[in-house]
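Visitor:
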Amino acid sequence: MKRIHIVNGIILAFSVILVRYIDMHVYDMHIILNLLVLVGLIVGGMKIAERFPALDYDVSRKTGMIINTIVVLTIFLAFFVLELG
38 MKRIHIVNGI ILAFSVILVR YIDMHVYDMH IILNLLVLVG LIVGGMKIAE RFPALDYDVS
98 RKTGMIINTI VVLTIFLAFF VLELG
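Counting in the numbering used here, the sequence shown runs from 38 upward without gaps.
(1) For V96, which residues from the same chain have a beta carbon less than 8 angstroms from its beta carbon, with the 5 sequence-adjacent residues on both sides left out?
(2) Drop a sphere of 10 angstroms on the beta-carbon of A115, count the other beta-carbons inside from all chains shown, and report buried for 16 or more, exposed for fewer.
(3) Which whole-angstrom value describes the C-beta separation of N71 and V56, a residue pair presumed to lie in contact below a C-beta threshold of 8 angstroms?
(4) Distance check for R98 and E87, CA to CA, integer angstroms please.
(5) State the Cα-Cα distance for the pair G46 and Y58, rounded to the nearest angstrom.
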């Protein structure tokens, strides 16, 4: 597994959390606008991440599994702590 795949997963996760937080607590967006902002954040973040050549290296399977588990737990906790559910 390459580092870029892990970074893309982190970008996706935190984009969802950020857009959901804005939708719930800052500004009540229409679903289409919500999806457009989400897609824009994800695509923009991934395009920026592609510019870093250090992310082309491999990560061990164990490290990748640990980081993915932490990301999933962070999403889960964010929805409860920030009252997004």
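Just so you know, even glycine gets a beta-carbon here, dropped at the ideal spot from N, CA and C.
Guide: For this structure:
(1) M38, K39, R40, I43, I104
(2) buried
(3) 6 angstroms
(4) 21 angstroms
(5) 18 angstroms
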